[in-house]
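Visitor: Here you go, one structure.
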Amino acid sequence: MVILFAVGLYIVLTKQNLLKKIIGLNIMETAVFGLIVTSGMVTGGSPPLLGQGLEPPYASPIAHALVLTGIVVALSVTALALVLILRVQSECGSIELDDLLEREE
Amino acid sequence: MRSGLALLVVVLLAGLMMAGVSQLPPPGAPDSAVHGHVAATYIDGGAEAGGAPNLVTAVLLNYRAFDTYGEVVVIFAALIAVLAVGLAGRPIRSPRQAPTVPVSPVVDQVVRLLAPFIALFALFMILEGHVLPGGGFQGGVVLGTLIILLGLVLSPRRLRHLLPHKAVFWIRSAAVLTFACTALTGLALTGWLFALPEPHWLGESVIVGLELAIGIGSAFAVAGFFLSLEADRHR
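In the order they appear, the protein sequences are chains A and B. Quick note: the first sequence uses this note's numbering, first residue 34, plus one each step. Quick note: the second sequence uses this note's numbering, first residue 375, plus one each step.
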């Protein structure tokens, strides 16, 4: 998970294409979700569904709920970023950060 | 030069995080802190106090209902922002018919054949989400994918015929409105925001109603994101 996070961070830092930056951000988010969800599991455990004839120990439901919330927020952020990138593309004709900064000067 | 510097920063940070993660209890250990305290209490008293045998749903819709309300508002706000950015400041042009590739009859038939089953599965996930794996958001995403699929295959005119504009307006805000209503009915009936009303069947039907609202609301949000991006591309 740390490696996945590092890959995402590297992409965000080095790539000049805004779309690739968003993909890097999503990779980072996936790493965090994976870390939280795996922390909630139990070896030989069952999903936290009561009344289905499953035996304890149950996996922690809190980790699941947390990650579910996180995924929804990540989705919203991605959608907003994408539409803003589309807008930048149609206004400035480029989504390469180099080009955009050059034009500023 | 710059990527070298970035690589250095990332490697340093990764080393630091690796050191931190190595101190965590190994995943799967039954006695780690994640399974104590709150999680243990939820599992012990969960089904009665939480109102749903699926404990994830119980945590989302009862114990942490405020958080989920915030989550629903976040996705709704993002939808509004996406629609606003898509529309704002655009010169009003006559909608030019984009050169679209005609849909192959095979794809058309297959989507028509599969659509009812996908919709059924999504509804099953939403309605049984408090007992079985699934829930409002998960079922909602499946339903949203179905709407996206239909939006790609059907022409925009036929999709608009299927989903009238006015209905979409209300459906998009359904989740937020239902959540607010649930909070207030809980306050009126029990004195606590988001508390489930007393007879068991009433509490359960509140949970199912919430799931349905979340599912349909998030389905239309997801579909709204995609279809507005797609419409943007054609302009």
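Cβ atoms here follow ideal geometry from the backbone N, Cα and C, with glycine treated the same way.
Quick one: Cα of residue 401 of chain B to Cα of residue 441 of chain B, how far?
Guide: Here residue 401 of chain B is taken as the residue at index 27 of the second sequence, counted from 1. Here residue 441 of chain B is taken as the residue at index 67 of the second sequence, counted from 1. Each residue's Cα considered, the two are about 26 Å apart.
Visitor: May I have the straight-line CA-CA distance separating residue 34 of chain A from residue 413 of chain B, to the nearest angstrom?
Guide: Residue mapping note: residue 34 of chain A aligns to position 1 of the first sequence, counting from 1. Residue mapping note: residue 413 of chain B aligns to position 39 of the second sequence, counting from 1. Each residue's Cα considered, the two are about 24 Å apart.
Visitor: From the DSSP output, which residues share a beta bridge with residue 79 of chain A?
Guide: Counting from 1 along the first sequence, the entry for residue 79 of chain A is found at position 46. According to DSSP, residue 79 of chain A bridges with A:91.
Visitor: What is the DSSP secondary structure of residue 468 of chain B, counted as helix, strand or coil?
Guide: For this step, residue 468 of chain B is matched to residue 94 along the second sequence. Confidence at residue 468 of chain B is low in this model, with a pLDDT of 45, below 50, so the placement of that residue should be treated as unreliable; the coordinate-derived value is given next. In the structure shown, residue 468 of chain B sits in coil (DSSP, three-state: anything other than H, G, I, E or B).
Visitor: Please return the same chain residues whose Cβ sits closer than 7 Å to the Cβ of residue 63 of chain A, not counting the five positions on each side in sequence.
Guide: Numbered from its first residue, the first sequence carries residue 63 of chain A at position 30. Result list for residue 63 of chain A: 37, in chain order.
Visitor: Could you tell me whether any Cβ in chain A is nearer than 8 Å to the Cβ of residue 376 of chain B?
Guide: As a first step, residue 376 of chain B is located in the second sequence; it is residue number 2 there, counting from the start. Interface residue, yes.
Visitor: Taking Cβ-Cβ distances shorter than 8 Å, what residues in chain B pair up with residue 38 of chain A?
Guide: In the first sequence, counting from the first residue as 1, residue 38 of chain A sits at position 5. Within chain B, the residues near residue 38 of chain A are 388 and 391.
Visitor: Shorter than 8 Å from the beta carbon of residue 402 of chain B to some beta carbon of chain A?
Guide: Taking the first residue of the second sequence as position 1, residue 402 of chain B is located at position 28. Closer than 8 Å: yes.
Visitor: Per DSSP, what are the beta-bridge partners of residue 402 of chain B in this structure?
Guide: Here residue 402 of chain B corresponds to residue number 28 of the second sequence, with the count starting at 1. Bridge partners of residue 402 of chain B: A:75.
Visitor: Find the residues of chain B that neighbour residue 105 of chain A, judging by a C-beta separation of less than 8 Å, and give them in chain order.
Guide: Taking the first residue of the first sequence as 1, we reach residue 105 of chain A at position 72. Here the neighbours are 445, 448, 449, 511 and 592.
Visitor: Between the region 509-517 of chain B and the region 576-594 of chain B, can you find at least three pairs of beta-carbon atoms closer than 8 Å?
Guide: In short, these stretches touch, since the Cβ pair count reaches three.
Visitor: Assign residue 399 of chain B to one of two classes, buried (16 or more other C-beta atoms within 10 Å of its C-beta) or exposed (fewer than that).
Guide: Locating residue 399 of chain B in the second sequence gives position 25, counting from the first residue. By the neighbour-count rule (16 or more Cβ atoms within 10 Å), residue 399 of chain B is not buried but exposed.
Visitor: Along the chain, where does the alpha helix (DSSP H) containing residue 35 of chain A start, and where does it finish?
Guide: Working through the first sequence from its first residue, we reach residue 35 of chain A at position 2. Run containing residue 35 of chain A: 35-47, per the alpha helix (DSSP H) assignment.
Visitor: Chain B beta carbons: is any one of them nearer than 8 Å to that of residue 74 of chain A?
Guide: In the first sequence, the residue the question calls residue 74 of chain A occupies position 41. Yes - at least one Cβ of chain B is within 8 Å of the one on residue 74 of chain A.
Visitor: Between residue 383 of chain B and the ligand COA, is there a pair consisting of the residue's CB and a ligand heavy atom that are separated by less than 7 Å?
Guide: The ligand COA is absent from the structure shown, which contains no ligands of any kind.
Visitor: The alpha helix (DSSP H) with residue 391 of chain B in it runs from where to where?
Guide: Sequence index remark: in the second sequence, residue 391 of chain B carries index 17 (1-based). From DSSP, the alpha helix (DSSP H) with residue 391 of chain B extends over 376-396.
Visitor: Mind pulling the chain B residues with CB within less than 8 Å of residue 82 of chain A?
Guide: Counted from its first residue, the first sequence places residue 82 of chain A at position 49. Near residue 82 of chain A (Cβ distances below 8 Å), the residues of chain B are 427, 428, 429, 505, 506 and 507.
Visitor: Can you confirm whether residue 574 of chain B, when its beta carbon is compared against all beta carbons of chain A, has any partner nearer than 8 Å?
Guide: Stepping through the second sequence from its first residue, residue 574 of chain B is reached at position 200. Not an interface residue.
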